[in-house]
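The number in the working numbering is simply the position in the sequence shown, starting from 1, with 932 added.
What follows is a short report on a single structure.
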Amino acid sequence: PALIDTPDGRRAWVISRYDDVVQALGHPGLSSAVIPGGMLNHTDPPEHTQLRKPVARAFSTRRMEALRPRIERITNDLLDAWETEDEVDVIDTFAYPLPITVICELLGVPERDRNEVRTLTSELMAPETMVEAYGRFALYVQNLLETKEPGDDVITDLRDEPNLVQTLVLLITAGHETTVQLIGNGLLALLRDPAVKQRLIDDPILLPDAVDEFLRLDGPLALGVSRIATADVEIGGVTIPRSSQVTVSLGAANRDPSRYSDPDVLQLGRDPHVAFGHGIHYCVGARLARVEGEIAFGTLLRRFPELALAAEPEWRESFIRGLASFRVRPK
Ligand code: HEM
């Protein structure tokens, strides 16, 4: 752990070694309640335990696996448009619409609201508009809860749970800002490594391994997750004083050379990573994201084995690691 000056003038501890990150994410003295308001990911036990249980049940492995045919259909429909194009932007035409469609259908967000949800989400992700956008997002969700007919969806399953508005804002945003980058960042890594790309074309059984290696190498939350010390906490032999702000760097842990040899290289079959976090806040959507990733990469490689970069992509400026534009040639 090291104490650093942040660009916005604060002092924060950064935890970057793999073992220290795992220890920190399991430490009861490092609280997730860095923002008030009762959103699931910013609560601690016992409140967290109560809020998480029904959400975890709604995102069960069985339900996520059962979505495969529908996700394949959405994927193929989006990629049909690539058949007649010389060049496309991966983010706009595929990486973004796929997870947003999936999460909205799963939750029960009506199709006509998708654009509004997209705008609200991107405003919520930008520091300048965040606070005001949260208010509008909460109003949108409140209104949806009052008007929506019950159905076979997650909103209906969770309708009587406490803090439902906060949970739904979290599920809508977490459910699409991250998987977009898994698809974008992963595809970039793949197009830069023709040998791995060919291995996946020849042997699609390796797809789940590849998805995890994309997440290790360039996970969307590489910058990390925030905690606040509620007591003096010892991590990796260093004492972090009570009330300190702490950034737990998932990306640094995922490239820790003492755990991963040649950490900057794409290599299938590595040890597990922390791109989905660790411990009690471990990502509720991990199964869904992996299923979407497997289907996205599997379908892309099967339909467009000659897929190639059309231009050098641009990384966007955001706390979520991802590409602003990413142009490829499908054939
Ligand atoms: C929590 C990453 C996709 C919903 C987390 C955490 C990470 C993460 C690192 C832990 C945060 C912490 O410890 O403070 C990712 C990545 C994804 C992804 C890399 C895609 C590649 C999703 C999806 C959903 C989702 C698709 C929606 C269903 C959540 C929720 C939590 C969470 C609700 C809070 C869990 C809790 O606090 O107990 N995610 N996520 N995530 N994620 Fe994801």
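The beta-carbon is built from N, C-alpha and C at its ideal position, and this holds for glycine as well.
Only a predicted model underlies this, so the values are computations on that prediction, with no experimental measurement involved.
Next item on the list: Ignore the nearest five residues each way along the sequence and tell me which others in A944's own chain have a CB closer than 8 Å to its CB.
Entry: Within the same chain, A944 has close Cβ partners L935, I936, T938, S1176, Q1177, V1178 and T1179.
Notebook entry, point to check: Does DSSP classify V1041 as helix, strand or coil?
Noted result: Reduced to three states, the DSSP call for V1041 is coil.
Notebook entry, point to check: With a CB to CB cut of under 7 Å and the five nearest residues on each side skipped, what residues in its chain are close to S1054?
Noted result: None.
Next item on the list: Specify the secondary structure class of V1049 as computed by DSSP and reduced to three states.
Entry: The answer is helix: DSSP assigns V1049 an H, G or I state.
Checklist line | Residues bridged to A944 (per DSSP) | finding: Answer is I936, bridged to A944.
Margin query: For G1156, which residues in the same chain have their Cβ closer than 6 Å to its Cβ, ignoring the five residues on either side in sequence?
Written below: Contacts found: T1179, V1180, S1181 and L1182.
Item checked: Segments assigned alpha helix (DSSP H), at least 4 residues, entirely inside the region 974-999 -> Runs of the alpha helix (DSSP H) lying entirely within the region 974-999, each at least 4 residues long, are 979-990 and 993-998 in chain order.
Next item on the list: Tell me where the alpha helix (DSSP H) around L1207 begins and ends.
Entry: Just to set this straight, residue 1207 is Ala in the shown sequence, not Leu. Counted as a single uninterrupted DSSP element, the stretch harbouring A1207 is not any alpha helix (DSSP H), since DSSP gives it neither H nor E.
Notebook entry, point to check: Where do the ends of the beta strand (DSSP E) carrying L1103 lie?
Noted result: In the DSSP assignment, L1103 falls outside any beta strand (DSSP E) and lies within the alpha helix (DSSP H) extending over L1096 to L1123.
Next item on the list: Would you kindly check if the distance between the Cβ of L1010 and the Cβ of P1031 is under 8 Å?
Entry: Cβ distance not < 8 Å, so P1031 and L1010 don't count as in contact.
Checklist line | Alpha-carbon to alpha-carbon, I1035 and A1221 | finding: Distance between the alpha carbons of A1221 and I1035 is about 10 Å.
Checklist line | CB contact flag (G1083, G1040, <8 Å) | finding: In this structure, G1083 lies near G1040, with their beta-carbon atoms less than 8 Å apart.
Check: Y1214: buried (16+ other C-beta within 10 angstroms of its C-beta) or exposed?
Finding: An exposed status is given to Y1214, since fewer than 16 other beta-carbon atoms sit within 10 Å of its beta-carbon.
Note to self: On the DSSP bridge list, what partners appear for W1247?
What the structure shows: The partner list for W1247 (beta bridge, DSSP) reads L1255.
Note to self: In whole angstroms, give me the CA-to-CA distance for L1265 and R1148.
What the structure shows: The displayed coordinates of the chain run from 933 to 1263. Any statement about residue 1265 would go beyond what the structure contains.
Item checked: Residue environment, T981, which counts as buried when at least 16 other CB atoms sit within 10 Å -> Under this definition T981 is an exposed residue.
Notebook entry, point to check: Curious, which full-length alpha helix (DSSP H) runs of at least 4 residues does the region 1112-1188 contain?
Noted result: If one requires a minimum length of 4 residues, the alpha helix (DSSP H) runs lying completely within the region 1112-1188 are 1126-1134, 1139-1150 and 1182-1186, in chain order.
Checklist line | Range covered by the alpha helix (DSSP H) that runs through R1235 | finding: For R1235, the enclosing alpha helix (DSSP H) has its first and last residue at A1218 to R1235.
Check: Which residue comes first and which comes last in the alpha helix (DSSP H) that contains Y950?
Finding: First-last of the alpha helix (DSSP H) with Y950: Y950 to L957.
Next item on the list: Could you have a look at R1261 and say whether DSSP puts it in helix, strand or coil?
Entry: Strand at R1261.
Item checked: Cβ distance (whole Å) where G892 is taken to contact V1049 below 8 Å -> The shown model of the chain, from 933 to 1263, leaves out residue 892, and the question about it has no answer.
Check: Alpha carbon to alpha carbon, how far is R1191 from V1112?
Finding: Straight through space, the alpha carbons of V1112 and R1191 are spaced by roughly 27 Å.
Checklist line | Reduced DSSP secondary structure (H/G/I, E/B, other) of D1196 | finding: In the structure shown, D1196 sits in coil (DSSP, three-state: anything other than H, G, I, E or B).
Checklist line | Straight-line Cα distance separating P1262 from E1015 | finding: Rounded to the nearest angstrom, the two C-alpha atoms are 7 Å apart.
Notebook entry, point to check: Is R984 near ligand 1, judged by its Cβ being under 7 Å from some heavy atom?
Noted result: Indeed, a heavy atom of ligand 1 lies less than 7 Å from the Cβ.
Notebook entry, point to check: Tell me which same chain residues have a C-beta within less than 8 Å of the C-beta of A1163, skipping the five on either side of it?
Noted result: Closer than 8 Å at Cβ, skipping near neighbours: G961 and R1174.
Check: Between A1013 and A1185, what straight-line distance do the alpha-carbon atoms span, to the nearest angstrom?
Finding: Across the structure, A1013 and A1185 are spaced so that their CA atoms are roughly 38 Å apart.
Next item on the list: Give the range of the alpha helix (DSSP H) segment to which D1089 is assigned.
Entry: Run containing D1089: V1086 to L1090, per the alpha helix (DSSP H) assignment.
Note to self: According to DSSP, is L1241 part of a helix, a strand, or is it coil?
What the structure shows: In the structure shown, L1241 sits in a strand (DSSP, three-state: E or B).
Margin query: Helix, strand or coil for V1020? Go by DSSP, reduced to three states.
Written below: Judged by DSSP in its simplified three-state form, V1020 adopts strand.
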